[in-house]
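Here the structure comes first, spelled out in structure tokens, and everything after it is commentary.
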Amino acid sequence: MVAEILRRAAVNHIDLPSGRRVGLPVLYRDWTGVMAHFPASAARMRRLLPSRKLKPALIAPGVAVLSIAAIEYRRVDGLAAYNEVAVMTPVLHRPVVNFPALPLLLPNMFRSLGFFVLHMPVTTADACELGKFWGYPKRLAEIQFEEIDNLRRCRLRADGVEALTLDVEQAPAKIERRSFRIYTVKDGRLFRHRIETEGLYGLSRLPGGGALALGDHPMARELRELGVGDRAIARVFASNVASLLHEADQSYAL
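At position 121 of the sequence shown the residue is numbered 134 (the numbering used here), and the sequence of numbers has no breaks.
This is the structure:
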């Protein structure tokens with residue numbers, strides 16, 4: 014069964030610097046993924062953001078969120094299957110007031126809410142090239158998944174060094190459509206991209222059900238300096254998902 018969002022997608026094509034031709038929006042026909050959210054220092058997170066116009070979304074005064082997503086892309090138009098880990102933080106662009114918790118609980122009320130991507134390792138050179146074209150901080154790495162009872166484990170290893178291990182337990186799932194916004198930086202400008210998804214989503218806003226273990230890679234040391242907790246405050250378990258990655262719809266000066 015083809016997801017409705019794929020049936021109605023109008024695709025144009027662009028040529029990447031390598032000569033590879035890809036469609037926009039990018040059609041991801043089947044993927045499975047997990048995401049977990051962890052508390053982190055807002056003051057330290059702010060130092061990693063590229064612009065003062067971006068503010069960390071807060072779960073409490075002084076407490077930001079580190080979000081880690083681990084995804085197996087099985088079928089992608091124009092690309093071979095690949096794995097990805099997205100290390101991100103929810104942010105607001107030029108908020109008048111940065112209300113703790115409210116944007117995260119009621120995201121549809123805050124149009125500037127999105128994820129700023131800190132790191133996005135992938136397992137293929139083609140996925141790396143496409144991501145860098147739009148300003149995603151992609152790099153090649155080893156990403157492996159393992160199923161353990163009702164838990165999915167992702168291990169990330171880069172430059173021959175362990176970076177992180179993410180464990181996420183399943184949650185009761187139902188078919189949903191979800192949209193996200195992603196912020197990236199390219200050529201001195203801030204870009205906002207929209208991602209539409211449709212598939213089986215299990216969401217839990219209860220603490221627990223997800224755990225993070227950091228390794229010795231510089232990426233892990235950076236996260237450790239954020240004071241990241243090792244126990245998830247919320248988690249997502251998604252399967253049989255289709256999605257559209259759209260071209261940037263907004264561009265801002267840094």
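We put the beta carbon where it would ideally sit given N, CA and C, even for glycine.
Beta-carbon separation of residue i and residue j under 8 Å?
i, j, result
"R202", "A266", "yes"
"A186", "S217", "no"
"R144", "E85", "What sits at residue 144 in the sequence shown is Gly, not Arg. Not closer than 8 Å, so no."
"S80", "P113", "no"
"S256", "I208", "yes"
"L105", "P116", "yes"
"P63", "L258", "no"
"R42", "L19", "yes"
"D139", "A93", "yes"
"E211", "E17", "yes"
"G173", "D90", "no"
Need the endpoints of the beta strand (DSSP E) that residue i sits in, please.
i, result
"D229", "Run containing D229: none; DSSP gives neither H nor E here."
"E142", "No beta strand (DSSP E) holds E142; the alpha helix (DSSP H) holding it covers A138 to F146."
"L119", "Careful: L119 lies outside any beta strand (DSSP E) and carries neither H nor E."
"I27", "N25 to D28"
"I156", "E155 to I161"
"A171", "L164 to A171"
"P134", "G127 to V135"
"E175", "V174 to E182"
"P270", "In the structure as shown, the chain begins at 14 and stops at 267. Residue 270 is therefore absent and cannot be evaluated."
Could you please give me the residues that DSSP links to residue i through a beta bridge?
i, result
"S54", "V76"
"Y95", "Y86"
"Y214", "K187 and A251"
"I81", "A49 and V100"
"F204", "T197 and S264"
"G36", "H26"
Beta-carbon within less than 7 Å of residue i's beta-carbon, same chain only, minus the 5 sequence neighbours each way: which residues are those?
i, result
"R170", "A154, E155 and A176"
"Y95", "Y86, V135, T136, T137 and A140"
"N111", "K68, L71 and L105"
"L61", "L131"
Please return the same chain residues whose Cβ sits closer than 6 Å to the Cβ of residue i, not counting the five positions on each side in sequence.
i, result
"P108", "K68"
"P220", "I246"
"R165", "V47 and V181"
For residue i, collect the residues of the same chain with a Cβ closer than 8 Å to its Cβ; drop the 5 residues on either side in sequence, then sort them by chain order.
i, result
"V130", "A99, V100, M101, Y149, P150, I195, Y196 and T197"
"I72", "P52, V78, P113, A114, L117 and I246"
"Q263", "F204 and R205"
Output the boundary residues of the alpha helix (DSSP H) element that contains residue i.
i, result
"R20", "E17 to R20"
>> For the region 235-251 against the region 25-43, do three or more pairs of beta-carbon atoms, one drawn from each stretch, fall closer than 8 Å, so that the two count as touching?
In response: no
>> For the region 168-186 against the region 111-130, do three or more pairs of beta-carbon atoms, one drawn from each stretch, fall closer than 8 Å, so that the two count as touching?
In response: no
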